[in-house]
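There are 2 protein chains.
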Amino acid sequence: MTNDELAALEANDGFYAAFAARDIARMDALWARERPVTCIHPGWSVLIGRVAVMDSWRAILRDDTVRIECSSARAYVAGEMAYVVCFEGARAEAPNLVATNVFGREQGTWKLVHHHAGHLADVPTAPPSGPTN
Amino acid sequence: MTNDELAALEANDGFYAAFAARDIARMDALWARERPVTCIHPGWSVLIGRVAVMDSWRAILRDDTVRIECSSARAYVAGEMAYVVCFEGARAEAPNLVATNVFGREQGTWKLVHHHAGHLADVPTAPPSGPTN
Numbered sequence: 030m031t032n033d034e035l036a037a038l039e040a041n042d043g044f045y046a047a048f049a050a051r052d053i054a055r056m057d058a059l060w061a062r063e064r065p066v067t068c069i070h071p072g073w074s075v076l077i078g079r080v081a082v083m084d085s086w087r088a089i090l091r092d093d094t095v096r097i098e099c100s101s102a103r104a105y106v107a108g109e110m111a112y113v114v115c116f117e118g119a120r121a122e123a124p125n126l127v128a129t130n131v132f133g134r135e136q137g138t139w140k141l142v143h144h145h146a147g148h149l150a151d152v153p154t155a156p157p158s159g160p161t162n
Numbered sequence: 030m031t032n033d034e035l036a037a038l039e040a041n042d043g044f045y046a047a048f049a050a051r052d053i054a055r056m057d058a059l060w061a062r063e064r065p066v067t068c069i070h071p072g073w074s075v076l077i078g079r080v081a082v083m084d085s086w087r088a089i090l091r092d093d094t095v096r097i098e099c100s101s102a103r104a105y106v107a108g109e110m111a112y113v114v115c116f117e118g119a120r121a122e123a124p125n126l127v128a129t130n131v132f133g134r135e136q137g138t139w140k141l142v143h144h145h146a147g148h149l150a151d152v153p154t155a156p157p158s159g160p161t162n
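Heads up: the sequence lines are chains Y and H, in that order.
Residue 70 in this note's numbering sits at position 41 of the first sequence; the count goes up by one each step and never skips.
Residue 140 in this note's numbering sits at position 111 of the second sequence; the count goes up by one each step and never skips.
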């Protein structure tokens, strides 16, 4: 794994840590400021722009019944953008969602530019595997 | 809109044209060869690698009940990677899915590296709008 991929996975971990801590300030700091941001929560339409995206996170993080853990994360990097694919669920062992998190580099740091989470029809019986190209 | 964004939207249109035409050779040509590819169909787990991804498209394109049109596409570019967010549905006017399509540049051309489509809980009453950052 390259240093860029490791850094993208660390940024992804930071996102789920902020989620778990329900820390809106930390969540806010993880999202890009120099690039457009977009977000698709499970079942939701597309949110465009920092105001709409952060409003959604404030509402979600206020709900203390929401618990999300990340599992099986994989990072893919090309220059100034990266994306991570991972499972999400109340318990990492039984994910019910799958997410694509896109990051852009700002001043050397991977910042979230897009989050797309959606429902899985079935709980995966194994982490995704296979060749990488 | 920048030329890069326009080109990413054209690549995105090409993807939905291949989908509509059920043209597996054209679909295959749209996906990256020099970069890893991944794909998340609605409700499915993550498919990793060209073999798994193309097998899935062969199965989907064989099913002549599947009709998908794209609407409200927006492109976001950073260097060698771009992503497009759009709605999908049997009719563009009544989308029931939302997609994130990630592209990587190969020899000057945007190629699909990742497709993630998921269900919308409700038909959007308007295209997404808002500031771009």
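Yeah, the Cβ is synthetic: ideal placement off N, Cα and C, and Gly gets one too.
Among the options, which has the Cα closest to the Cα of residue i?
| i | options | result |
| --- | --- | --- |
| Y:His-144 | Y:Gly-43, Y:Pro-157, Y:His-70 | Y:His-70 |
| Y:Asp-93 | Y:Asp-52, Y:Asp-84, Y:Cys-68 | Y:Asp-52 |
| H:Arg-87 | H:Arg-64, H:Ala-50, H:Pro-153 | H:Ala-50 |
| H:Ala-107 | H:Met-83, H:Phe-44, H:Arg-134, H:Ser-158 | H:Arg-134 |
| H:Pro-153 | Y:Ala-128, Y:Leu-76, Y:Glu-117 | Y:Leu-76 |
| Y:Ala-40 | Y:Ile-89, Y:Trp-139, Y:Pro-157, Y:Val-95 | Y:Trp-139 |
By Cβ distance below 7 Å, which residues in the same chain neighbour residue i in space, the five residues on each side in sequence not counted?
| i | result |
| --- | --- |
| H:Arg-55 | Ala-47 |
Keeping to the same chain, check which residues put their C-beta closer than 6 Å to that of residue i; ignore five residues upstream and five downstream.
| i | result |
| --- | --- |
| H:Asn-162 | Low confidence applies to H:Asn-162: its pLDDT is 47, below 50, so where it sits in the model is not reliable, and the reading given next is rough at best. Around H:Asn-162: no qualifying Cβ. |
| Y:Val-131 | Tyr-112, Val-142, His-143 |
Going along the chain, which residues of its own chain have a beta-carbon closer than 8 Å to the beta-carbon of residue i, five neighbours each way excluded?
| i | result |
| --- | --- |
| Y:Arg-79 | Trp-60, Arg-62, Val-66 |
| Y:Ala-121 | Glu-98, Cys-99, Ser-100 |
| H:Leu-35 | Ala-104 |
| Y:Leu-126 | Pro-71, Ile-97, Phe-116, Glu-117, Gly-118, Ala-146, Gly-147, His-148, Leu-149 |
How would you label residue i, buried or exposed, when you count the other beta carbons within 10 angstroms and need 16 or more for buried?
| i | result |
| --- | --- |
| H:Leu-38 | buried |
| Y:Met-110 | buried |
| Y:Ala-155 | exposed |
| Y:Thr-31 | exposed |
| H:Gly-147 | buried |
| H:Val-114 | buried |
| H:Arg-64 | buried |
So if DSSP puts residue i in a beta bridge, which residue, or which two residues, is it bridged to?
| i | result |
| --- | --- |
| Y:Ala-128 | Y:Cys-115, Y:Ala-146 |
| Y:Ile-69 | Y:His-145 |
| H:Leu-76 | H:Cys-68 |
| H:Arg-103 | H:Val-114 |
| Y:Trp-60 | Y:Leu-141 |
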